[in-house]
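In the working numbering, the protein residues as written are 1 to 179.
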Amino acid sequence: MATMLYSATMSLDGFIAGPGGDMSWLTEYLGPNPDADGLVGDIGALLVGNRTFRGDDPNRGTPKEGAFGGAWSGPQIVLTHDVPAAPVPGVTFVTDLGAAVEAARAAAGDRYVNVLGADVAAQCLDAGLLDEIFVCVAPVMLGDGVRLFSRPGGARVRLERTGVSHVPHATNIRLRVLR
């Protein structure tokens, strides 16, 4: 069964996007990252939130547009309440978390389902479905925006660090979700 992995680049103060979902801050911190680049080949499917799917791509209009700087292609499952009328090639729109996870796992086979989007990742975590987290911490503080993870009321999520590495523009942290 596919492993559910949440991956993101975040600012030191915990934001994965700036105000309004702005991703332009990220371009300065993109560059060779052997851990992230190696992960791309292990991904079998993406489970993406609607805001992320329709949101700001820091590489829009360039050859690097798309997931992982355009390095990844394959099935995308988008969790949304607003299914578009016209089909989008390579994208399946699903309105229910359980059905979205099931579709993504089936598409991924024994590879990773990479979760993109803070809200979908939080839903997976709350449902006990998230297995791992890979975060690249960029040396910047944004001050506001979309948090990597936010849980009103502060319920604790236990994690086990499984790896740390450094590249010039980020510190990579791999974690396992403990249940």
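The beta carbon of each residue, even a glycine, is placed where N, CA and C say it ideally should be.
Check, Outcome
"Stretch pair the segment 126-144 + the segment 3-11: three plus CB contacts closer than 8 angstroms", "yes"
"Residue 27 to residue 169 span [Cα, whole Å]", "11 angstroms"
"Contact set for residue 178: own chain, Cβ-Cβ below 7 angstroms, skip 5 residues either direction", "158, 159 and 160"
"Residue 108 vs residue 147 beta-carbon contact at 8 angstroms", "no"
"Within 8 angstroms, strictly: CB atoms of residue 23 and residue 137", "no"
"For residue 156, the three-state DSSP class (helix, strand or coil)", "coil"
"Cβ contact check for the segment 34-53 and the segment 74-89: 3 or more pairs under 8 angstroms", "yes"
"Which residues DSSP lists as bridging residue 10, in chain order", "137"
"Option nearest residue 135 by Cα separation, candidates 144, 124 and 166", "166"
"Residue 31 classed as buried or exposed, judged by whether at least 16 other C-beta atoms fall within 10 angstroms", "exposed"
"Residue 49 - partner residues in DSSP beta bridges", "79"
"Contact check, residue 151 vs residue 122, beta carbons under 8 angstroms", "yes"
"Alpha carbon of residue 144 to alpha carbon of residue 93, nearest angstrom", "29 angstroms"
"Reduced DSSP category for residue 24 - H, G, I as helix; E, B as strand; rest coil", "helix"
"Environment of residue 2 [buried if 16+ CB atoms lie within 10 Å]", "buried"
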